[in-house]
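Student: Please read through the structure below; I'll follow up with questions.
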Amino acid sequence: MENLNTSIQYVKGVGPKRAKKLKRLNIKTVEDMLYYFPRTYEDRRKLNSIKECRNGEKVNLKVIVSGSPVIYRPRRGLSITKVPVKDETGLAFLVWFNQEYMAKNFKIGEILRVNGKVKIAYNEIQIQNPVFDKNDRKGEKVGKIIPIYPLTEKLSNNEMIKIANNVLKNYIDKVEDCLPDVIRKNFNLISVNDALKNIHFPKDRKCYIKARQRLVFEELLILQLGLLMIKENYSNNKNGIKFNKVDEIKKFINTLPFELTNAQKRVFKEIEQDMESDKPMNRLVQGDVGSGKTIIAVLSMLKAVMSGYQAVMMAPTEILATQHYESIKEFLNNYNIEIELLVGSVPDKRKKEILKKIKEGKIDIVVGTHALIQDTVEFDKLGLAITDEQHRFGVRQRAKLTQKGLNPDVLVMTATPIPRTLALILYGDLDISIIDELPPGRKKVETYAVNSKMKKRVYDFVKKQIKEGRQAYIVCPLVEESDSLDIKSATELYEELSNEYFTDLRLALLHGKMNAKDKDEIMAKFKNHEIDILISTTVIEVGVNVPNANIIVIENAERFGLAQLHQLRGRVGRGKYQSYCILINDSNSKVARERMKIMERTNNGFVISEKDLEIRGPGEFFGTRQHGIPDLKIGNIFRDMDMLKQAQKLALKILEEDRHLQSEKYKKIKNKIINLFKDKIKDISFN
Ligand code: ADP
Ligand code: MG
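Read in order, the letters of the sequence shown are residues 1 to 687 in the UniProt record's numbering.
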């Protein structure tokens with residue numbers, strides 16, 4: 001019995017050789033081909049006349065063969081086949097190179113529909129390497145909308161069209177709709193069969209839109225349902241740790257040098273409730289830069305340790321891990337709590353000692369980088385796993401850390417504020433807490449975009465601030481794709497600034513490739529105010545906290561995305577001083593100008609992330625793949641926001657009615673969900 005799982009090899013016109021190439025496009029079965037959507041379309045419906053032909057343009061002509069084909073052989077290895085054709089407006093030639101057999105294809109008087117690129121040469125209108133339909137056949141290549149497939153592997157678009165055509169012809173009736181009729185009716189969606197036919201070969205724009213709508217809706221619904229079910233799976237797990245109510249926490253909070261903001265209080269209460277329940281916590285804490293996430297982590301870890309468990313906190317860079325380690329130690333220095341730092345650069349001997357102590361339960365809190373998720377790291381009794389700046393970690397890394405304990409509670413911290421709709425997708429498996437308030441007294445970071453002619457004035461201003469006792473960051477242009485170029489530009493800038501502008505000030509250079517000890521030393525010196533200006537690549541982007549630094553100059557600011565600029569700016573404005581962010585850029589591009597304007601106008605991370613989304617689209621912004629979200633084949637979580645909202649609403653409603661999608665009508669959609677997530681997240685079982 002032939003079904004959608006039939007190997008693509010057995011489809012008419014494929015065979016083993018093409019099947020191999022298709023496999024590299026991830027097309028192995030008939031179904032894969034049905035869901036391999038065109039990248040774009042070429043509208044070949046409108047016919048042009050020969051008179052309209054302009055050099056370099058693509059045209060569709062209806063012509064009559066007006067003479068015998070001629071073959072020229074101007075030199076060895078080259079043959080030119082020319083077929084004269086005409087319409088009411090003029091004469092032209094169809095031209096092929098090294099395809100002499102083409103000559104046999106045409107008879108005088110035959111009518112053709114032709115599509116190809118115009119080349120005007122020697123006063124002739126040529127259509128080079130055209131595709132054509134003979135008029136007595138139904139138009140396949142000309143006279144309709146043609147799908148353009150994403151291609152590699154030496155498969156031509158024409159081959160793909162043929163294969164798609166054959167697959168549709170022979171298998172479309174075997175496709176069963178995974179959406180129950182009521183849903184289709186309620187959301188005015190066409191059948192999957194019509195949608196697939198029209199996404200490959202749309203009759204017109206309206207048909208295409210209907211087809212796309214249907215397929216996008218299905219895709220977003222499946223994605224959202226899957227994520228919600230994963231979350232449900234967690235929260236149904238009753239094997240989590242029940243942490244104690246710890247009275248000491250209140251006392252500890254009272255000893256802090258500041259009062260928690262209401263947002264911090266609320267968020268910590270949410271965490272406490274999670275921690276005290278028997279479900280494993282799986283919570284995301286979102287808070288703009290400087291909103292005070294670290295103390296929330298400290299409170300949670302204190303609670304875990306006081307309940308007799310170990311806690312671990314993972315940060316994306318050594319600088320940040322070190323800084324966390326130091327501030328946690330300082331916060332908790334009145335307690336008899338063992339805290340250790342585990343990063344790549346810890347010498348092996350020392351590392352072994354630490355690992356042993358972690359395993360024996362002699363260390364209560366471990367702070368570190370990726371080094372923490374290595375297999376050699378074993379805990380005695382891990383109760384709480386925190387990742388900071390999660391947008392740098394993938395779902396899998398998070399999972400790896402979690403697996404070091406037995407259903408530990410999980411806390412994820414991020415400074416990337418995300419609109420709710422998207423958070424439901426990107427963090428669909430997490431509960432969300434938002435710190436939507438900054439500590440009191442924070443002044444807006446004054447932000448100015450200037451061009452490089454103003455550099456001298458900018459540096460004078462930096463000097464003035466330093467004379468008043470402040471410190472500054474200067475961030476160097478980021479050179480995509482090459483660490484070594486980044487470092488070169490940073491080094492050059494450092495030399496230039498030390499020798500020219502800031503000869504009497506204390507400068508230091510910081511970049512990602514320096515060894516950890518040097519980095520730490522420089523950061524420590526900067527913190528202790530033994531350095532006035534830190535010249536750096538984006539390694540300072542996340543989390544670094546030096547309240548006395550009140551000015552950040554970003555060179556070539558146009559090379560950074562908005563979210564990144566906002567992160568960088570977040571390095572200042574952390575203390576009581578009025579702070580400044582100067583964006584140097586010479587770009588005239590509209591996007592760059594827009595970004596600079598937004599930065600000048602607002603300090604609000606939510607506004608900025610929405611704008612960034614608008615400008616760049618979500619893929620780049622979040623690196624959705626990194627989040628472990630399956631790739632979307634056709635939908636776009638930003639452009640299709642309206643549909644996403646509808647799909648989210650529906651997903652919630654469906655799960656309310658049938659938590660595990662056990663009823664018959666959801667069987668097919670459930671299969672699709674399992675299929676979609678099977679490679680992505682291994683440890684998930686759908687009951
Ligand atoms: P982020 O959310 O960017 O990680 P941090 O946790 O580093 O922010 O906090 C930024 C600074 O604000 C730190 O110096 C921290 O001690 C301080 N801070 C945190 N909470 C408060 C508060 N409620 N009042 C005053 N200062 C606070
Ligand atoms: Mg932080």
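From the three backbone atoms N, C-alpha and C, an ideal C-beta is built for every residue, glycine too.
So P16 is in the alpha helix (DSSP H); what residue range does that whole segment cover?
Tutor: G15 to R24
Student: Could you spell out where the alpha helix (DSSP H) holding residue 694 opens and where it closes?
Tutor: Here the chain covers residues 1 to 687 and nothing more, so residue 694 does not appear.
Student: Looking at the secondary structure, which residues open and close the beta strand (DSSP E) in which D532 lies?
Tutor: Judged by DSSP secondary structure, D532 falls outside any beta strand (DSSP E); it is assigned neither H nor E.
Student: Do the CB positions of K23 and K154 come within less than 9 Å of each other?
Tutor: Contact: no.
Student: According to DSSP, M313 sits in a beta bridge with which residue or residues?
Tutor: For M313, the beta-bridge partners assigned by DSSP are V367 and I386.
Student: Looking at the secondary structure, which residues open and close the beta strand (DSSP E) in which F93 lies?
Tutor: G90 to F97
Student: My output table needs one value for I8: the three-state DSSP class, helix, strand or coil.
Tutor: helix
Student: V289 and A415 - do their beta-carbons sit closer together than 9 Å?
Tutor: With respect to V289, A415 sits close: the two C-beta atoms are nearer than 9 Å.
Student: Rounded to whole angstroms, what's the CA-CA distance from K46 to G116? Just pull it up for me.
Tutor: 13 Å
Student: Do the region 1-15 and the region 172-186 touch if we need at least three Cβ pairs shorter than 8 Å?
Tutor: yes
Student: For M599, would you say it is in contact with chain B, using Cβ-to-Cβ distances shorter than 9 Å as the test?
Tutor: Within the model displayed, chain B is absent; a lone protein chain is all it includes.
Student: What does DSSP give as the partner residue(s) for R75 in the beta ladder?
Tutor: L78
Student: On the premise that K62 lies in contact with D87, defined as a C-beta separation below 8 Å, what is that separation, rounded to the nearest angstrom?
Tutor: 6 Å
Student: What are the boundary residues of the alpha helix (DSSP H) that includes L565?
Tutor: L562 to R569
Student: So E446 is in the beta strand (DSSP E); what residue range does that whole segment cover?
Tutor: E446 to V450
Student: If you reduce the DSSP assignment to three classes, tell me which class E124 lands in.
Tutor: strand
Student: Quick check on the burial criterion: 16 or more other C-beta atoms within 10 angstroms. Buried or exposed for I10?
Tutor: Reading the sequence as shown, one finds Tyr at residue 10 and not Ile. Under this definition Y10 is an exposed residue.
Student: Compute every distance between the C-beta of N60 and the non-hydrogen atoms of the ligand ADP, then say whether any falls below 8 Å.
Tutor: Result no, Cβ not under 8 Å from the ligand ADP.
Student: Exposed or buried, what is G226 when buried is set at 16 or more other beta-carbons lying within 10 Å of its beta-carbon?
Tutor: A residue is called buried once 16 or more other Cβ atoms fall within 10 Å of its Cβ, and G226 is buried on that count.
Student: What number of angstroms, rounded off, separates the C-alpha of V285 from the C-alpha of L299?
Tutor: 13 Å
Student: How is L509 classed by DSSP in three states: helix, strand or coil?
Tutor: strand
Student: Report the residue from Y309, G308 and I339 whose alpha carbon sits nearest the alpha carbon of Q323.
Tutor: I339
Student: What does DSSP give as the partner residues of V475 in its beta bridges?
Tutor: S536 and I554
Student: What did DSSP end up calling I654 once you bin it into helix, strand or coil?
Tutor: helix
Student: Please name the residue in M281, P84, G56 and L510 whose C-alpha comes closest to that of I64.
Tutor: P84
Student: Going by alpha carbons, who is nearest to E492 out of K238, L509 and K464?
Tutor: L509
Student: On the CB-based measure, 16 or more other CB atoms within 10 Å of its CB, does residue 750 come out buried or exposed?
Tutor: With the chain covering only 1 through 687, there is no way to say anything about residue 750.
Student: In terms of DSSP beta bridges, what is Y580 paired with?
Tutor: E446 and I551
Student: Have a look at Q264, M281, K210 and L215 and flag the residue whose alpha-carbon is nearest the alpha-carbon of K242.
Tutor: M281
Student: Along the beta strand (DSSP E) that carries V544, what are the first and last residues, could you check?
Tutor: That residue, V544, is in no beta strand (DSSP E); it is neither H nor E in DSSP.
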